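Residue numbers (this note's numbering): 28 to 150.
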């Protein structure tokens, strides 16, 4: 009877250890995948900045066409560098960078308008 109790206790401990180990490994693998995805988005995000600047110079194209140009260039960059391409994440990154660009540019325009208004008031 004592042997049976010892065996059951050992099995219960081993199962608990196995579950804990598997849980840790699964979370570690998920975190590693998430880290890799984040690194890929950052790498592509840094690479698309010149493409966005290039697309902004296209005068006779719509915003959607410019975005498609940048998406195509980003996909080519990902293929050339062996990076997994997630169109949704890249699209969101493009939108984020364009929004930031518009905010920065509008601030400069606002500053110029305020300076002009101050000059006109002083005349």
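A virtual CB, placed ideally from N, CA and C, is assigned to each residue, including glycine. Note that the coordinates shown come from a computational prediction; the quantities given were computed from them, not determined experimentally.
Asked: Spatial distance of residue 89 from residue 132 (CA atoms); Found: 19 Å
Asked: Segment contact, 8 Å Cβ cut-off, at least three pairs: the region 71 to 86 with the region 28 to 42; Found: no
Asked: Any beta strand (DSSP E) of 3 or more consecutive residues that is wholly inside the region 54 to 110; Found: none
Asked: Contacting residues, own chain, Cβ-Cβ under 8 Å from residue 120 (five flanking each side not counted); Found: 68, 71, 72, 75
Asked: Rounded straight-line distance, which links the Cα of residue 42 to that of residue 63; Found: 31 Å
Asked: CA nearest to the CA of residue 118, picked from 33, 61, 32, 99; Found: 99
Asked: Cα-Cα separation between residue 111 and residue 60, rounded to whole angstroms; Found: 11 Å
Asked: Contact under 7 Å by Cβ, residue 56 with residue 124; Found: no
Asked: Backbone secondary structure at residue 51 - three-state DSSP; Found: helix
Asked: Euclidean distance between Cα positions of residue 48 and residue 31; Found: 25 Å
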